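Worksheet: one structure, shown below.
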Amino acid sequence: MKSFYSIKLANFLNFFSTNFFYHSAEMLFLIWFFLFSFIFFSLKITQNIYQLGMISTTRDEGRFELSVDGKKRKKFAFKYINYDNPVSNIFFIRLFGVVLNYISIIFCFIILSNLLINIVFYFLGLGKMINLKYYKYYLFSEYNIYGIAWIFVAFVVAVTCYLIIYHKYTKQFFSELDKKVNESMISNIKKSDLRSGSLLDVKDLKFNEVDIYDPSDYYQEAKQKDSLFLGIDDESTPIFYKKSVWNETNVQIIGKMGSGKGVLATSVFIQCYENYNDFNVWFDPKNDEWAYSVFKNKSKKDQFFYIDLNRDAEPQFNIFQDITVTELNELFVAGFGLGRTGTNADFYKIGDRKVCRELANQFEDEPDNININTIMEKWNKLPNELKQQGSSFFGQLEELSELKCIQTDKGINLKDIISGNKPGMLYITGSLRDENVVMLQKMLLLRITQIIEKRDRKQDLTHINIMLDEVRYILSKNTLEMMGTIRDKKANIIYTHQSLGDLVGASQDLDPASTKNIMLDNVGLRWIYKLDIKDSAEWASNLTSETLKDVERRTLSLNDANVEMASKETTIFKQKANYIETSVIQNLPKRCGLIIGLEGLPKLAYSSPIIVSKLDKVLQIAPRLELTYKQTTPKNKVEKQPVKKQKKNETTVDKELLNQTTGLEDFLASKLKKDKNLSDEIMIDIESNPTAQPTIINHEVIKD
Numbered sequence: 044m045k046s047f048y049s050i051k052l053a054n055f056l057n058f059f060s061t062n063f064f065y066h067s068a069e070m071l072f073l074i075w076f077f078l079f080s081f082i083f084f085s086l087k088i089t090q091n092i093y094q095l096g097m098i099s100t101t102r103d104e105g106r107f108e109l110s111v112d113g114k115k116r117k118k119f120a121f122k123y124i125n126y127d128n129p130v131s132n133i134f135f136i137r138l139f140g141v142v143l144n145y146i147s148i149i150f151c152f153i154i155l156s157n158l159l160i161n162i163v164f165y166f167l168g169l170g171k172m173i174n175l176k177y178y179k180y181y182l183f184s185e186y187n188i189y190g191i192a193w194i195f196v197a198f199v200v201a202v203t204c205y206l207i208i209y210h211k212y213t214k215q216f217f218s219e220l221d222k223k224v225n226e227s228m229i230s231n232i233k234k235s236d237l238r239s240g241s242l243l244d245v246k247d248l249k250f251n252e253v254d255i256y257d258p259s260d261y262y263q264e265a266k267q268k269d270s271l272f273l274g275i276d277d278e279s280t281p282i283f284y285k286k287s288v289w290n291e292t293n294v295q296i297i298g299k300m301g302s303g304k305g306v307l308a309t310s311v312f313i314q315c316y317e318n319y320n321d322f323n324v325w326f327d328p329k330n331d332e333w334a335y336s337v338f339k340n341k342s343k344k345d346q347f348f349y350i351d352l353n354r355d356a357e358p359q360f361n362i363f364q365d366i367t368v369t370e371l372n373e374l375f376v377a378g379f380g381l382g383r384t385g386t387n388a389d390f391y392k393i394g395d396r397k398v399c400r401e402l403a404n405q406f407e408d409e410p411d412n413i414n415i416n417t418i419m420e421k422w423n424k425l426p427n428e429l430k431q432q433g434s435s436f437f438g439q440l441e442e443l444s445e446l447k448c449i450q451t452d453k454g455i456n457l458k459d460i461i462s463g464n465k466p467g468m469l470y471i472t473g474s475l476r477d478e479n480v481v482m483l484q485k486m487l488l489l490r491i492t493q494i495i496e497k498r499d500r501k502q503d504l505t506h507i508n509i510m511l512d513e514v515r516y517i518l519s520k521n522t523l524e525m526m527g528t529i530r531d532k533k534a535n536i537i538y539t540h541q542s543l544g545d546l547v548g549a550s551q552d553l554d555p556a557s558t559k560n561i562m563l564d565n566v567g568l569r570w571i572y573k574l575d576i577k578d579s580a581e582w583a584s585n586l587t588s589e590t591l592k593d594v595e596r597r598t599l600s601l602n603d604a605n606v607e608m609a610s611k612e613t614t615i616f617k618q619k620a621n622y623i624e625t626s627v628i629q630n631l632p633k634r635c636g637l638i639i640g641l642e643g644l645p646k647l648a649y650s651s652p653i654i655v656s657k658l659d660k661v662l663q664i665a666p667r668l669e670l671t672y673k674q675t676t677p678k679n680k681v682e683k684q685p686v687k688k689q690k691k692n693e694t695t696v697d698k699e700l701l702n703q704t705t706g707l708e709d710f711l712a713s714k715l716k717k718d719k720n721l722s723d724e725i726m727i728d729i730e731s732n733p734t735a736q737p738t739i740i741n742h743e744v745i746k747d
């Protein structure tokens with residue numbers, strides 16, 4: 044029996060020696076170089092395969108487990124590769140790596156054990172097991188350059204090559220592969236339903252693509268629900284808003300140009316007109332490309348009214364028609380900016396307001412004869428002394444009279460169409476740059492407000508929707524008052540603008556802070572399109588309220604190639620964050636907006652235009668007035684009348700001259716007492732302007 048196994052062992056050793064030892068020195072080097080290289084690489088690569096995706100702590104901790112007696116013992120390979128609960132495909136790859144690793148270990152054991160046995164047998168002189176003569180010749184004689192030395196050299200070279208290649212290429216390859224597998228495993232983790240959402244990474248931000256649709260397809264459904272159709276969400280579900288709530292709500296639409304602000308408002312106004320018989324007023328300073336065509340196509344012929352306020356437009360309406368004396372005075376004061384602002388400029392507006400009152404009072408006996416021509420004629424009949432006090436007022440009145448659109452006493456009757464309790468559409472185009480047209484825009488809004496306020500609220504009145512497109516160019520003190528008071532007049536305001544800055548720099552006579560607060564606080568529904576500026580986007584995000592979101596903490600560790608790997612174990616803690624984050628608002632696609640003010644949480648929605656054919660704009664031209672007034676305001680002549688010289692540091696004032704002023708004796712006297720360096724001569728114009736207010740300029744008293 045022993046001889047049988049001895050023969051088998053001898054045959055195996057002879058086979059091994061024939062293939063791996065009995066060769067020339069050069070061949071021995073090549074054979075053993077490849078053998079050693081294969082052993083090193085196979086062991087390391089298979090190890091990387093069955094550790095694929097493991098972080099360094101898992102590789103160390105997962106290798107051992109505690110036994111019953113508290114001692115560490117090595118885990119079985121199956122438990123080890125399943126320690127971090129990998130997904131099935133990664134588990135099978137690791138299992139395949141374990142099998143290859145065991146095969147590599149067995150092959151390594153066979154090669155190295157045979158090498159060791161053959162060398163030991165040679166030195167023991169066991170000629171029955173190996174051919175000592177061949178061994179001596181091929182491995183230990185100088186005739187074959189001591190082959191055993193070449194095997195050792197092959198080992199050294201193989202180790203060197205392995206270290207260079209592995210650390211420069213192989214390790215880097217498996218490290219990157221580990222990172223990708225690690226990220227894939229983490230992304231495929233099924234999260235608990237107890238989580239409350241996570242903070243948004245803008246790189247992961249995606250919006251659903253919503254095709255263009257026809258808004259009118261939803262109008263009938265909206266009417267059945269006594270609602271207005273606003274748009275569809277990202278799942279193509281229609282969004283409705285109760286009409287009863289709309290009637291008591293001011294609406295803000297904000298977004299950069301071209302984002303779709305007018306598209307939404309146009310759709311809502313058409314519904315208000317068609318489904319609920321509302322009267323709509325639309326101020327359009329920028330002259331929108333499609334608004335006229337949409338309203339003209341969707342309105343009945345006798346219920347559509349178009350007014351062009353621009354300088355070259357033909358006469359169309361008399362803004363003063365059916366106006367009362369009180370309303371006329373209010374219209375001038377507000378339109379010409381003569382109201383009190385709490386600044387030093389208020390002092391110089393007193394005279395203008397006095398003239399304004401006197402001019403309006405001229406029509407007490409003929410209230411039905413008020414137009415721009417009769418107003419200018421009444422101005423000419425005022426006393427020169429009074430005219431001098433209202434020179435600034437007259438300048439603005441004259442600029443207003445130059446606008447052709449109001450040079451008529453007939454045309455569109457604003458009171459009839461607004462107070463008539465009939466549905467309709469009044470579309471008004473203006474200007475963004477012409478200051479006179481901008482002034483008329485503000486006056487027309489006030490005139491419409493006056494008409495709305497005088498309606499008999501005991502009756503069932505038609506609701507009026509007022510659209511202020513690009514509100515920056517229509518904003519005035521009257522606009523601010525309307526925001527807080529117009530709701531109970533059966534009207535509401537919808538306004539659009541491009542940024543929050545439009546609300547603070549619109550007019551010099553408005554306080555920026557209070558203007559912004561009034562315009563923002565008196566709004567119940569907001570539609571916010573894309574905002575690039577971070578401050579504006581943060582403001583919008585803050586309106587969505589705060590919610591608790593999950594913030595994850597993971598342990599990061601470095602693998603062999605200094606690549607970070609994340610642990611699958613996470614620590615979750617809650618953090619307050621806005622429901623809709625700033626990055627969402629800064630990256631909204633076109634036609635997509637954030638709606639705030641609906642029942643429930645804010646949501647993203649998409650608007651779509653009403654498709655109509657483009658029409659040419661046609662004015663309803665009225666007979667033009669022949670302007671018969673002539674400017675009779677006398678020109679100021681300044682004459683310098685010397686007053687007797689006075690001694691140094693002594694001030695004297697002619698009391699008779701001071702008595703001719705408008706009660707500012709004390710004011711002037713106090714000024715004179717404070718100034719001890721007055722010049723020797725005081726010049727006063729007392730002939731051409733005996734009622735002017737004296738002021739001190741460059742140490743001379745002259746007439747203003």
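If you read the sequence shown in our numbering, its first letter stands for residue 44, the second for the next number, and so on.
Glycine residues also receive a C-beta, built at the ideal position from the N, C-alpha and C atoms.
Computed from a predicted model, the values in this text were never measured in an experiment.
Beta-carbon proximity of residue i to residue j, cut-off 8 Å
| i | j | result |
| --- | --- | --- |
| A192 | W75 | no |
| I507 | D321 | yes |
| A334 | T369 | no |
| S650 | V294 | no |
| D277 | N251 | yes |
| G640 | L568 | yes |
| L487 | I571 | no |
| I455 | K485 | no |
| Y349 | Q663 | yes |
| A403 | S519 | no |
| F139 | I124 | no |
Same chain only: Cβ atoms within 6 Å of residue i, ignoring 5 sequence neighbours per side
| i | result |
| --- | --- |
| S259 | none |
| I313 | K341 |
| N157 | F59 |
| K1 | Nothing in the structure corresponds to residue 1, since the chain is present only between 44 and 747. |
| Q439 | F379 |
| D331 | G305 |
8 Å Cβ shell around residue i - same chain, five flanking residues per side excluded
| i | result |
| --- | --- |
| T671 | N416, E420 |
| L73 | A197 |
| K397 | L429, Q432, G433 |
| S287 | D269 |
Close beta carbons around residue i, own chain, < 7 Å, minus the five adjacent residues each side
| i | result |
| --- | --- |
| K424 | none |
| E442 | N479 |
| Y261 | F272, P281 |
| F84 | Y205 |
Alpha-carbon to alpha-carbon, residue j and residue i
| i | j | result |
| --- | --- | --- |
| E69 | M608 | 45 Å |
| Q450 | E357 | 8 Å |
| T213 | P652 | 59 Å |
| F216 | T101 | 20 Å |
| L95 | T89 | 10 Å |
| S302 | K573 | 7 Å |
| K497 | R490 | 11 Å |
| P677 | D355 | Because the pLDDT at P677 is just 44, under 50, the model does not fix this residue reliably, and the point stays unresolved. |
| K266 | K285 | 10 Å |
| G706 | Y391 | A caution first: G706 carries a pLDDT of 42, below 50, which makes its placement in the model unreliable, though a value can still be read off. Looking at the two C-alpha atoms, the distance is approximately 15 Å. |
Residue from the options with nearest C-alpha to residue i
| i | options | result |
| --- | --- | --- |
| Q364 | E445, T101, L457 | L457 |
| D512 | E373, L546, E407 | L546 |
| D395 | D221, Q432, N630, L374 | Q432 |
| S542 | R500, Q439, A583, L475 | A583 |
| K339 | N621, D659, F436 | D659 |
| N464 | F406, L599, N323, P632 | N323 |
| F326 | I194, M468, Y209, V253 | M468 |
| Y470 | Y186, D351, A648 | D351 |
| V606 | P645, M482, D221 | D221 |
**Within the region 557 to 592, ranges of the alpha helix (DSSP H) (whole runs, at least 4 residues)** = 577 to 585
**Continuous alpha helix (DSSP H) assignments of at least 4 residues falling wholly in the region 615 to 665** = 625 to 629
**Inside the region 457 to 489 only - alpha helix (DSSP H) runs reaching at least 4 residues** = 457 to 462
**Request:** At 4 residues or longer, and completely inside the region 376 to 412: list those alpha helix (DSSP H) runs for me, N to C.
**Result:** 389 to 404
**Message:** My parser needs the alpha helix (DSSP H) runs of 4 or more residues fully inside the region 339 to 367; what are they?
**Reply:** Counting only runs that start and end inside the region 339 to 367, there is no alpha helix (DSSP H) element of at least 4 residues.
**Item:** Length-filtered (4 minimum) alpha helix (DSSP H) runs lying within the region 52 to 91
**Value:** Unbroken alpha helix (DSSP H) stretches of 4 residues or longer found wholly inside the region 52 to 91: none.
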